[in-house]
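Those sequence lines, one after another, are chains A and B. Note that the working numbering gives residue 283 to position 283 of the first sequence, counting from 1, and the numbers run on in steps of one. One gets the working numbering by counting positions in the second sequence from 1 and adding 1000 to each. From the three backbone atoms N, C-alpha and C, an ideal C-beta is built for every residue, glycine too. I have placed the structure first, in the form of structure tokens, so that the comments after it can refer back to it.
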Amino acid sequence: MTDIKKKFKHFNQVINAAYPNVYSIMIFQNNEKIFENYYRNAQPNNRRSIMSVSKSILSALVGIAIDKNCIEDVNQHILDFFPNYLHSDSDPNILRLRLKHLLTMTSGFYNQRLAADSQPVVKRRETSADWLKYTLDLPIHKPDLKTFCYSNFDADLVSAIIKISTKMELFDFADKYLFSKIGIQTEKWDYKDPQSMFAGELQLTTDEMAQFGLLYLNNGSWNGSQIIPKNWIHESTTDYGNGYGYLWWLKPNGVFMASGAGGSMILVIPKENIVVASQTKHLKINWKSPINAVMEILLSE
Amino acid sequence: MKYIECKNLNLHNLKNINANIPKGEFTVITGVSGSGKSTLAFDILVKAGQTGYLSAIGMLPEHEVIDRYEINGLSPTVCVSQNLKRQSNPRSTVGSRTGMLSLLQSLFAEIGEGNNNGLKLSPSMFSQNSAMGMCYQCYGTGFIPNIDEKEVFRLFIDSERPVIEVLNRNLRMPFKQYCKRIGADYMLSFSELSNSLKEAVIYGDPDIYFKGTIPYIRECKVNSNEESSDMINTRCDKCSGTGLRSDVLNIKILGKNIAAFKQLNMFDLSVILTELYEFSNDNSIVSHILTSLIHKTEHLINANLGYITLDRKIPTLSGGEFQRLLLSTFFDLGLNDMIYVFDEPTMGLHESEKRNLIQKIKQLTNKGNTVIVVEHDLGTIELADYIIELGEGGGIDGGNIVFQGSYDDFINSKSSVIREAMFKMTVAPPLLLSNTDVSEHIYLKHVSVNNLKNVSVSIPLHKLIGIAGVSGSGKSSLISQSLVPLLRISNEDDSDAYEYHEGKHTNGIIINAEKIDKAMYVTQKPIGRNKKSTIATYVQIGDSIRQLYLNEALKMGRKYKIGHFSSNSQGACEKCGGEGAINIAGISYICDVCNGKKYKNEILEVTYNGFNIDQIQSITVKEAMELFKDNKRIYNVLNALYNLGLSYLTLGQSTKTISGGEAQRLKLSIELYIQNSTNSLYVLDEPSSGLSCYDTLALLNILHKLVMKGNTVIVIEHDIQILSACNYLIEMGPKSGENGGEVIATGSINEIVSNSNSVIAPYISQFISGLEIPYDRY
């Protein structure tokens, strides 16, 4: 057995033994697939929810919407997109919120995060009549607008802004300007709220996830056409002080990552020309991101 | 009979003792202060009982190191000590601690009426600590900061007039210029403005400069110096201070919302719950909830806590109240063969309440539990099935068992120090003051803090004044929450000397406050958070002692400075830096250069009367008095400690290791002998707690000395021994909570004894006349 095969065998043993959440791992280097494997009876054509990895796709759509002049820029007031919202009981700090605060998770909207999945704010929103109004009505708990607080609500508002500013359904806009261009063949991206404003779960195959990573690795360019502006790729993967770009997690050495609950991820390593994609199952406990196994076993020298 | 058998205990000052505690019985551990009672009860029995249980169920972290002693017959142990209260969450209330609040929340979710908004009710919607139920304006606290941004915002959004007319006059011209610069119309109303302009009006625009309304108000407030009113948070208007979302406040049971329920005392609550129960279906969830709630209210009433409300914050309870609260919860547990250890549960109780409580505690043994109480109270000792007394003295003079056996044996014991004191006990006579006619007074008028009912009272100066009254009658409200803060305000004293009560705002008027120089609230709070603070440095003789050593060194021809005799300074061992220990990979080793002595070896060559600076640290106050008898200043301070019954402390002992009672006496000795105060007012809240009758006499001695120097001392007390020694008593009552809050009697001891309104009078007259049988004084 060659060294590389030994390495792969060892890696697969580790994933089988110690990463019960992992369904698949796919790695591209220099735009060539160098590794692909499926675990626990998963198949290449399985579409699975990518969880919060979809936040980074929303980020791409904002870049496209700015490029299409639907959105001025990230400094636009969020109230510009919700013109009839402001009322006498609003938290006046909402006047200060810009799109960039949502993209960088610094809106300061109240978000009590408890252990595990118990999030009363989420439950309270689910029992409300209008989720968008509920979200905008939340008090701004950290009015310095600098405090990083990872919250689905900020990303939810981003998806509503995409829908409102482009005057298109979220899936239609994503499909027309992004999915169809890079070979993502999924046929739906539903909303999760009664008013159809907030993006629900998005299901992709491992290969489709990797394609999105490759688009970013190639600075937004695909077969000679520019899908996402190059400066947006750069701007959205720049650190704004919290190890976080515009809905992208940032790592040292220019590495950036889309990451979801359960460990699903798209990892981009520009210096090595590598993209890693992984599908996982969202186990409530005992899950680990496969990123360490990938880095230490597969991508070590 | 089965015993908990402990062998060869030698922790702290214990001297290899063997103790046998009968199982299923009521045992009192007593002894003078510092004799090792707490070491035996809490540091050994509680710790062994708890760690044994926790490791059995696999909850003990592996790195936990357990001191292992040979103890047989242990059971799971529940500890009820005063410092559990300090570990409580500041938001914790009587309702949350007893579990009654969550029952009440479930009750509201089940049978609350007036749910017109179609909410799907759940218990957490009635909790201000859950994001499901909290008010989003104050985040469940009930208070908001004084600059109300929303109020400012509403000024604009609720107006249809042009913004420039709504703006403060001083902002109008800048706003007009700002609009011209960005090319906007300045005559628009707020709702017609762009979002950028709306933001600028409220918060300002730092780029194209406009100050904005909120920054302007903030600047005005800072410059106006009206700190008194502006620093205080105001009650949240959205939830009326309840901390709950406004829609659930409309949901009511028998016309009361949950906030109103939380303000009911146990007597009133039990009436309402019983009424609800009578109309409920026998087997419904509701009747189960009601049964639990009714039981819990009854337990609280039986624990003398009937006056308490569910919204009472745990940190505002006295130590005694808190223990009784916990006690009330034990009766619901249905566990047997447990060990319950209490730390002075009668503390803070009126004589009339003590016996009832002790009998209640004793009832825990009926279910087969073992009850151990650390206590000085003579009435408690009388009720004990078994008594263990440690002694003879405190510190190194203690640590032996001087008696163990039944009460009958105790009475006839020749070895017991406490029994000896019981019979010898004499009343410290009230001070005779030569000029009582010309004595001055401070007047407090129209005070209505907490349950006080517009109280006006005069307090004579230069006397020892006792504040008496049953628990919850308003003693602390009158003194700690009214007198002390009022003195502080009127004398503009912002020193840290007041460790006064927080949270409540006082009211009322004070007259003649200027007649005293300073007022100080002397608590039993531990002193010296610094781990290097020692007894010697705390009583300020450290430098004097170092100076003596410097003199010796200079005689030896060494060119030292005073810092050479400090382990925090030039004298420190160079390897360990004066720590005495070095840390390698998280484990502490004794320093191999100084052998743990902290000093450079050459420093230890300098001796004073045969002792070097390290050896001095381990001698007791008593021994040091002999050693330093030629230095008047050091001797006087040591003598004060000796007179206060603290002769067993060592000079180098860390101040962290001393008890609350010892801390209190140390603070007083500083006032008396070091500050040399002559016209100050001292307030002591239950100074007798933790003191045996022997130690109480020592405390009274120092209080009398303070008064003789012209100071005024106010003690808030239940202890008859202390109250009988006061020059003047103010008695609050007649009962607790709503039925208290009045001054029911004032005057000298003789005047109180003959006052038929007084509740305490019979106990005092019995005490004064019946000292020979003090254990029968209920």
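Task: Reduced DSSP secondary structure (H/G/I, E/B, other) of B:Y1500 - done: Since pLDDT at B:Y1500 reaches only 40, below the 50 mark, its modelled position is unreliable, and the value read off the structure follows with that caveat. Residue state, collapsed to three classes: coil.
- [ ] With DSSP collapsed to three states, give me the class of B:Y1538.
- [x] helix
Task: According to DSSP, residues forming a beta bridge with B:H1441 - done: B:P1460
TODO: Give the DSSP-derived three-state secondary structure of B:G1563 in the structure shown.
DONE: helix
Open item on the list: Using a 10 Å radius around the Cβ and a threshold of 16 neighbouring Cβ atoms, would you call A:P194 buried or exposed?
Closed with: exposed
Task: 8 Å Cβ cutoff met for A:L99 and A:Q76 - done: yes
Task: Closer than 7 Å at the beta carbon, the chain A residues around B:A1131 - done: Q112, P120, V121, R124
Task: Proximity to B:I1465 [Cα-Cα], best of B:G1112, B:L1684, B:V1402 - done: B:L1684
Task: Beta-carbon neighbours of A:H77, restricted to chain B and to distances below 9 Å - done: S1194, N1195, S1196, K1198, E1199
Task: Candidates B:L1644, B:Y1682, B:S1677, of which the one nearest B:T1696 by Cα - done: B:L1644
Task: Three-state class that DSSP yields for A:A65 in the structure shown - done: helix
TODO: Could you pull out every residue in the same chain whose Cβ sits closer than 6 Å to the Cβ of B:L1649, ignoring the five residues on either side in sequence?
DONE: I1535, V1621
Task: Under 9 Å from the C-beta of B:Q1570: neighbouring residues of chain A - done: Per Cβ cutoff of 9 Å: no residues; B:Q1570 is ~45 Å from chain A at best.
Open item on the list: Under 8 Å: do the segment 1342-1349 of chain B and the segment 1132-1145 of chain B share three or more Cβ pairs, one atom per stretch?
Closed with: no
Open item on the list: Taking 8 Å as the threshold (beta carbon to beta carbon), is B:R1154 in contact with chain A?
Closed with: yes
TODO: Grab me the residues of B:I1511's own chain with a C-beta within less than 6 Å of its C-beta, minus the 5 sequence neighbours each way, in chain order.
DONE: Y1443
Open item on the list: DSSP has B:C1594 in a bridge; who is on the other side?
Closed with: In DSSP, B:C1594 forms no bridge with anything.
Open item on the list: Mapping the DSSP letters down to three states, classify A:T2 as helix, strand or coil.
Closed with: coil
- [ ] Figure out for me which residue from B:L1691, B:L1119, B:S1654, B:A1572 has the closest Cα to the Cα of B:R1245.
- [x] B:L1119
Task: Identity of the residue in B:S1106, B:N1336, B:I1388, B:G1379 nearest B:Q1363 by Cα - done: B:N1336
Open item on the list: Please classify B:S1480 as buried or exposed, where buried requires at least 16 other C-beta atoms within 10 Å of its C-beta.
Closed with: buried
Task: 8 Å contact criterion, which B:E1321 and B:S1471 should meet: CB distance rounded - done: 7 Å
Open item on the list: By the three-class DSSP mapping on this structure, what secondary structure does A:Q29 have?
Closed with: strand
TODO: Can you check DSSP and say which residues form a bridge with B:D1343?
DONE: B:V1374
TODO: Taking C-beta pairs closer than 7 Å, name the residues in chain A that B:Y1386 reaches, listed in chain order.
DONE: Chain A residues near B:Y1386: none, gap ~46 Å exceeds 7 Å.
- [ ] Using a Cβ-Cβ cut-off of less than 8 Å, list which residues of the segment 91-102 of chain A approach chain B; keep chain order.
- [x] D91, P92, N93, L95, R96
TODO: Just grab the DSSP bridge partners of B:I1670 for me.
DONE: None; B:I1670 has no bridge partner.
Open item on the list: Using a Cβ-Cβ cutoff of less than 6 Å, which residues in the same chain neighbour A:K369 once the five nearest sequence positions on both sides are dropped?
Closed with: For chain A, the structure presents residues 1 to 301; residue 369 of chain A sits outside this window and is missing.
Task: Near-chain D residues of the segment 171-194 of chain A - C-beta to any C-beta below 9 Å - done: No chain D is present in this structure, whose protein chains are A and B.
Open item on the list: For the segment 16-27 of chain A against the segment 126-136 of chain A, do three or more pairs of beta-carbon atoms, one drawn from each stretch, fall closer than 8 Å, so that the two count as touching?
Closed with: no
Task: 6 Å Cβ shell around B:T1678 - same chain, five flanking residues per side excluded - done: K1709, G1710
Task: Contact the segment 185-199 of chain A vs the segment 221-229 of chain A: 3+ CB pairs below 8 Å - done: no
- [ ] Say whether chain A places a C-beta atom closer than 8 Å to the C-beta of B:D1124.
- [x] Checking the sequence shown, residue 1124 of chain B turns out to be Ser, not Asp. Yes, B:S1124 lies at the interface with chain A (some Cβ there is under 8 Å from its Cβ).
Task: Within chain A, the residues that B:K1120 reaches when beta carbons sit closer than 7 Å - done: T127
Open item on the list: Quick test of your reading: B:P1460 and B:Y1728, contact by CB under 8 Å. State the CB separation rounded to the nearest angstrom.
Closed with: 5 Å
Task: Sequence-distant residues of the same chain with beta carbon closer than 8 Å to B:V1427, five excluded per side - done: Legend: pLDDT at B:V1427 = 48, less than 50; position of this residue unreliable, value from coordinates given subsequently. Around B:V1427: Q1721, S1724, A1725, F1767, I1768, L1771.
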